[in-house]
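The next block holds one structure in the form of structure tokens; read it before the comments.
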Amino acid sequence: MGLFSQNGSPLKVYTPLAENTLLATHLEGWERLGGSFEFSLSLRATRGTPIRFDSRFGQTAYATIEQQGHDKRFVHGEVWKLSQEDSDATFDHYTMVLKPRLARLALTRRSRIFQNQSAIDILKTVLEPVGGANFDGIFGEPPVRTYCTQYRETDLEFFLRLCSEEGVTHFWKHSHENHTLFLTNNTTSIQPTTEIGYDPTEGESTNTPVLRSWRVSQEMNTTNTALLDTHSQLFNDKLEGSSQGPAEIKAGSHTMKPTGSLAPWQEDSQSAARFFDGIKPSGENDSAALGNIHPAQNRQAKILATGAAAGAVRAQGKGNAFFLTPGCAFQLKYHPQQEGEWLVVATTLSFTVDGQFWAGEPAATRVDARLEAAPLSLAQAPWPPRLRPTVGGVQTAVVTGPQGAETFVDSYGRIRVRFWFDRDGPVDADSSCWVRVAQVWAGKNYGAAFWPRVGHEVVVSFEGGDPDRPIVTGSVYNATNMPPFELPSQVYISGFKTLTQGGDSTKNYHLLLLSDAKKQEVVLIHAEGLLVTQQERKNVTFENQGSVTITEF
């Protein structure tokens, strides 16, 4: 191995293997603000060097690029893929793909429920298995969500959806030790860290960081947003939110006026009304929480407007400034019209080292660094919004309540249930949220009133397919809770049978039984206690023989 070394190479790779076991000849990849990154390294090892694939996956590796006049560039990630290519007379050739730890979240798909947490708290839980993140760029306190469902989504899809709903974007900072994930909802607060000159005459020199090409474009975009929702505890209130995008965008020395929308972008699915409930999980009143809905609606509309405008102005640059990465800001110099502060939102990089890596051999390099940038003054947020998954059809769930309780109902007649998909959730009063119960009739102080009890299996639909908005639409029997009449022999019997509080279903109940069996037609009313009838005028009884009895009141 003494014959070959990367010590003099501007492109170096460091893996858990001994140094100089693998030599890097080419690095190519991309990185995007609010997205991911992927870098492919072309590697070579002395022919016959044993390289175990299975022991490399999940381990970290990094590459460095160093050239005179440039800041040192690190590319750090997890080994995601390793391929052995064709060999030549001297070397075995490999390709190694690096991705962020965050990419592992795409390998887990599940359903789970979060309660009484803000989106930031939920994101911390989601990111914990992959090393967490830096949240210093989050400004303001997002509302606490009484109920938030991850439904048949990968952890990565759920992470990106929550970021979209909160106007949060992300980027990485690479070093020789780590690639740290940074989250922010205020990209305009990022400070420029370097100056880059524009020089279309520079040619291919790599000693001075320059942008040889710089093209700016503006496109029409959504300029105002609106959302509307309802809430059962604020019935007939219009829970609206609206917001305008920026009136102007400063790009270098130019000021551009956004244009596009003929009417607002209506995104009612992004409503924040579902975050709030006037009843605590314990059943106690918390009506003050409902006062937060209106400001939260406007906040949500503002997030949408920010995301809609984020791509209105873009610059495409090309040069040799390989150290620029998404999430960093720079000062563009020497451009006749576009001097100013810009934020990198995407990059592609190709860096090639020519040579055989003989010790002391000088290396020739080729670099192609391209970037996409937005004016630093133009806030960046995800767009278009990532919509919540929809629940197709209905599901069943089990009614829950406090330990030992037979019923658990709030003042609105809502119950709590445990969904079968909620594998890790509690089976008690803290299961799910308060769920409305549909009745055959529901008016102001009149209508039907049947409340499922703890242990019952209920049928649950979802308003608009939204997993955060369940509604009980019926009840079903099962092997534990069998019908009150023996089947199929008593199939012609219909009616209602209740259960006295703390009683035995075979002994303590009210019963309304209607038998349609031929020659056994009967209507039976059984009262466990008092049977009280009340008439405000007359009681009229028609008997089989045609006699009529009228009782005056």
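Going left to right, the sequence shown walks through residues 495 to 1047 as the numbering used here numbers them. Cβ atoms here follow ideal geometry from the backbone N, Cα and C, with glycine treated the same way.
Which first and last residues belong to the alpha helix (DSSP H) in which residue 651 is found? Here the alpha helix (DSSP H) through residue 651 covers 649–660.
Exposed or buried, which one is residue 593 when buried takes at least 16 other CB atoms within 10 Å? Buried.
Report, in whole angstroms, the separation of the C-beta atoms of residue 788 and residue 722, which I expect to be a contact under 8 Å. Rounded to the nearest angstrom, the Cβ distance from residue 788 to residue 722 is 12 Å, too far for a contact under 8 Å.
Does the distance from the C-beta atom of residue 567 to that of residue 816 stay below 8 Å? Cβ atoms of residue 567 and residue 816: closer than 8 Å.
On the DSSP bridge list, what partners appear for residue 664? The partner list for residue 664 (beta bridge, DSSP) reads 677.
Tell me the rounded alpha-carbon separation between residue 888 and residue 953. Residue 888 and residue 953 have their C-alpha atoms some 7 Å from each other.
Three-way DSSP call (helix, strand, coil) for residue 902 in this model: Of the three classes helix, strand and coil, the one that applies to residue 902 here is coil, per DSSP.
Cα separation between residue 518 and residue 805? Roughly 36 Å separates the two Cα atoms.
With distances taken from CA atoms, which of 894, 835 and 960 is nearest residue 872? Ranking 894, 835 and 960 by Cα distance to residue 872 puts 835 first.
CA-CA distance, residue 881 and residue 645? A direct Cα-Cα distance of roughly 12 Å separates residue 881 from residue 645.
Following the continuous alpha helix (DSSP H) through residue 740, name the residue where it begins and the one where it ends. No alpha helix (DSSP H) contains residue 740, which DSSP labels as neither H nor E.
I'd like to know whether the C-beta of residue 706 is nearer than 8 Å to at least one C-beta of chain D. Checking the listed chains, one finds no chain D in this structure; it contains a single protein chain.
Who are residue 889's beta bridge partners in DSSP? By DSSP's assignment, residue 889 forms a beta bridge with 954.
Contact between the region 919–928 and the region 887–902: three or more CB pairs below 8 Å? Counting C-beta pairs with one atom in each stretch, the region 919–928 and the region 887–902 have three or more that are closer than 8 Å, which means they touch.
For residue 870, which residues in the same chain have their Cβ closer than 8 Å to its Cβ, ignoring the five residues on either side in sequence? For residue 870, same chain residues with a beta-carbon under 8 Å away, outside a window of 5 residues either side, are 681, 682, 684, 686, 823, 834, 835, 836 and 837 in chain order.
Any idea what DSSP makes of residue 975, helix, strand or coil? Note: residue 975 maps to coil in three-state DSSP.
In terms of residues, what are the limits of the beta strand (DSSP E) holding residue 593? Segment 585–593, the beta strand (DSSP E) holding residue 593.
Out of 556, 581 and 560, which has the shortest C-alpha to C-alpha gap to residue 572? For residue 572, the closest alpha carbon among the candidates 556, 581 and 560 is that of 556.
Just to confirm my understanding: we take residue 1009, look at its own chain, exclude 5 residues before and 5 after, and list those with CB closer than 7 Å. What are they? In chain order, 986, 987, 1015 and 1016 place their CB closer than 7 Å to the CB of residue 1009, counting only its own chain and leaving out the 5 sequence neighbours on each side.
Counting pairs of beta carbons, one from the region 742–756 and one from the region 704–715, are three or more of them closer than 8 Å? They touch, by the three-pair rule.
Would you mind stating whether residue 663 and residue 874 have Cβ atoms separated by less than 8 Å? Residue 663 places its beta carbon less than 8 Å from that of residue 874.
Can you pull the DSSP bridge partners for residue 641? Here residue 641 is not bridged, per DSSP, to any residue.
In angstroms, rounded to a whole number, what distance separates the CA positions of residue 1018 and residue 619? Residue 1018 and residue 619 have their alpha carbons spaced roughly 57 Å apart.
Are the Cβ atoms of residue 866 and residue 810 separated by less than 8 Å? In contact: residue 866 and residue 810 (Cβ atoms closer than 8 Å).
How many Å lie between residue 587 and residue 641 at the Cα? When rounded, the distance between both Cα atoms is 52 Å.
Does the Cβ of residue 972 have 16 or more other Cβ atoms within 10 Å, making it buried, or fewer, making it exposed? With fewer than 16 other Cβ atoms inside 10 Å of its own Cβ, residue 972 counts as exposed.
Residue 514 burial status per 10 Å Cβ neighbour count (16 or more: buried): Counting Cβ neighbours within 10 Å, residue 514 comes out buried, since at least 16 surround it.
Please classify residue 1021 as buried or exposed, where buried requires at least 16 neighbouring CB atoms within 10 angstroms. By the C-beta density criterion, residue 1021 is exposed, having fewer than 16 other C-beta atoms within 10 angstroms.
I need the straight-line Cα distance from residue 600 to residue 530, nearest angstrom please. Their Cα atoms are separated by approximately 12 Å.
Mark residue 963 as exposed unless 16 or more other C-beta atoms lie within 10 angstroms of its C-beta, in which case mark it buried. Buried is the call here.
What does the alpha-carbon distance come out to for the pair residue 883 and residue 763? If you take the alpha carbons of residue 883 and residue 763, they lie about 11 Å apart.
Of the residues 898, 1036 and 847, the one placed nearest residue 507, counting alpha carbons only: Considering only alpha carbons, the answer is 847.
Contact under 8 Å by Cβ, residue 745 with residue 704: Contact: no.
Between residue 701 and residue 633, is the Cβ-Cβ spacing less than 8 Å? Going by C-beta atoms, residue 701 is not nearer than 8 Å to residue 633.
Can residue 961 and residue 584 be called in contact, C-beta distance under 8 Å? No Cβ-Cβ contact shorter than 8 Å links residue 961 with residue 584.
Residue 510: first and last residue of the uninterrupted beta strand (DSSP E) it sits in: Neither: residue 510 is in no beta strand (DSSP E) and is coded neither H nor E.
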